[in-house]
Amino acid sequence: MTDPKRIAIVACSGIGKTSGTVSREAAYEVTEVLRPDRTRIVALSLLVLGDEAARAAVTDSPAITIDGCKLACATKVCQERAGRVGQAFDVMDTYRRNRRLKSQGIAELNEDGKKLARDLAEEICEAVDRLTAAKEGKEDNA
Amino acid sequence: MPRLPKRKVGIIACSGEELPEGTVTRLAALRVLEHLRPEETVTICLPLFLAGGEGERAFTRFYPTIAIDGCEKRCAARGTEIYSGKPAAGVVVSDLVAEGGLDRPEGSRRLNQAGQRAVEVTEVRVAQLVDELLEKRRPRRFGTAAKKEPGR
Numbered sequence: 222m223t224d225p226k227r228i229a230i231v232a233c234s235g236i237g238k239t240s241g242t243v244s245r246e247a248a249y250e251v252t253e254v255l256r257p258d259r260t261r262i263v264a265l266s267l268l269v270l271g272d273e274a275a276r277a278a279v280t281d282s283p284a285i286t287i288d289g290c291k292l293a294c295a296t297k298v299c300q301e302r303a304g305r306v307g308q309a310f311d312v313m314d315t316y317r318r319n320r321r322l323k324s325q326g327i328a329e330l331n332e333d334g335k336k337l338a339r340d341l342a343e344e345i346c347e348a349v350d351r352l353t354a355a356k357e358g359k360e361d362n363a
Numbered sequence: 751m752p753r754l755p756k757r758k759v760g761i762i763a764c765s766g767e768e769l770p771e772g773t774v775t776r777l778a779a780l781r782v783l784e785h786l787r788p789e790e791t792v793t794i795c796l797p798l799f800l801a802g803g804e805g806e807r808a809f810t811r812f813y814p815t816i817a818i819d820g821c822e823k824r825c826a827a828r829g830t831e832i833y834s835g836k837p838a839a840g841v842v843v844s845d846l847v848a849e850g851g852l853d854r855p856e857g858s859r860r861l862n863q864a865g866q867r868a869v870e871v872t873e874v875r876v877a878q879l880v881d882e883l884l885e886k887r888r889p890r891r892f893g894t895a896a897k898k899e900p901g902r
């Protein structure tokens, strides 16, 4: 799991709301499709337990967190475990910019939910590129 | 007669996003909560024990809890025990898969057929545990005498 070149993506693990599923769908879209070589997903439950490899993943380089609700578990747990949060995303912010998308479903998202997740994934990619460039710049200067 | 609150069982899934077995825990928990035992179960997100407050950490004091874990790290069971209280029961998906001689689930984002089968096996096991826990804690019926415990 420890690959300091990759940005850790930590998503909400909630199963009570559609937005939790949207956060995970966006995380998978980034780590499996859009930026597979620059990112990796880190399980939030491992961070809760203080797993060493998971902790290293969020302390070696700034992590990106994706929360499904205002309780912001992903961001809080990441910070609690001494992780550096490079950028925190909230599904509701993306929804506010795309109010026409009425996401539904938890086990399986409807088409609007999948579209919302893709829009969020694209926003996340901008942060991945920015954080990667900043890290590479630091390494060049070192 | 006053209406007493219905006894319920808490379900906590590890939800491990890295592994297909984590996805199995989420889907099995949802099936139990929404379809198999909707009136008898409640849930809370595991990270809320850390990110939430005292109310969240009191979860296992109110509900006998079943931890559903994807792998031998048992984050849900261990996390629940550390931050709230010892779960009343637990299942580990990788163990159920091995015991049942099933193929290993694949696809964290979209489970393959083996993953769907693992969800079915897990949800049935969890529903059985819900029934067992409620039976154990069911108060004795009006008018029946409590059995004398041996040695008392």
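Those protein sequences? They're chains L and F, same order as listed.
Quick note: to get the numbering used here, add 221 to the position in the first sequence (first position is 1).
Quick note: to get the numbering used here, add 750 to the position in the second sequence (first position is 1).
Quick reminder that beta carbons are idealized off the backbone N, C-alpha and C, glycines included.
L/R276 is outside the set of residues whose beta carbon lies under 8 Å from a beta carbon in chain F. Setting aside the 5 residues that flank it on each side, L/V269 is surrounded in the same chain by V298, each with a C-beta closer than 7 Å to its C-beta; the list follows chain order.
Taking CB atoms only, L/S234 has a neighbour in chain F less than 8 Å away. Just measuring C-alpha positions, the residue of L/A293, L/R261, L/T296 and L/I287 sitting nearest L/V243 is L/I287. Rounded to the nearest angstrom, the Cβ distance from L/Q325 to L/N331 is 5 Å, consistent with a contact under 8 Å.
Residues are counted here when their Cβ sits less than 8 Å from a Cβ of chain F; for the stretch 274-301 of chain L these are L292, A293, C294, A295, K297, V298 and E301, given in chain order. Going by DSSP, L/A247 is part of the alpha helix (DSSP H) stretching over T239 to Y249.
A Cβ-Cβ separation of about 4 Å places F/R859 in contact with L/Y249 under the 8 Å criterion. L/Q325: not part of any beta strand (DSSP E); DSSP gives it neither H nor E. Residues of chain L whose Cβ lies closer than 9 Å to the Cβ of F/G766 are, in chain order, S234, A264, L265, S266 and L267. If you draw a straight line from the Cα of L/R259 to the Cα of F/S834, it is about 36 Å long. Using a 10 angstroms sphere on the CB of F/E885, the tally of other CB atoms stays under 16, which defines it as exposed.
When the five nearest sequence neighbours on each side are left out, the beta carbons in the same chain lying within less than 6 Å of the beta carbon of F/N862 are those of E856, in order along the chain. Taking each of F/R824, F/T830, F/G803 and F/L798 in turn and checking the Cα distance to F/S844, the smallest one comes out for F/R824. Within 10 angstroms of the beta-carbon of F/V759 lie 16 or more other beta-carbons, which makes it buried.
Close CB contacts of L/D333 within its chain, under the 6 Å cut and outside five residues either way in sequence, are with L322, K323 and S324 (chain order). The beta carbon of F/S834 sits no closer than 8 Å to any beta carbon of chain L. In the DSSP assignment, F/T815 falls within the unbroken beta strand (DSSP E) covering T815 to D819. Rounded to the nearest whole angstrom, the CA to CA distance from L/G237 to F/P797 is 13 Å. Restricting attention to alpha helix (DSSP H) runs no shorter than 4 residues, the stretch 842-895 of chain F encloses them at 843-849 and 863-887, ordered along the chain. Counting only the Cα atoms, L/D272 lies some 28 Å from F/R875.
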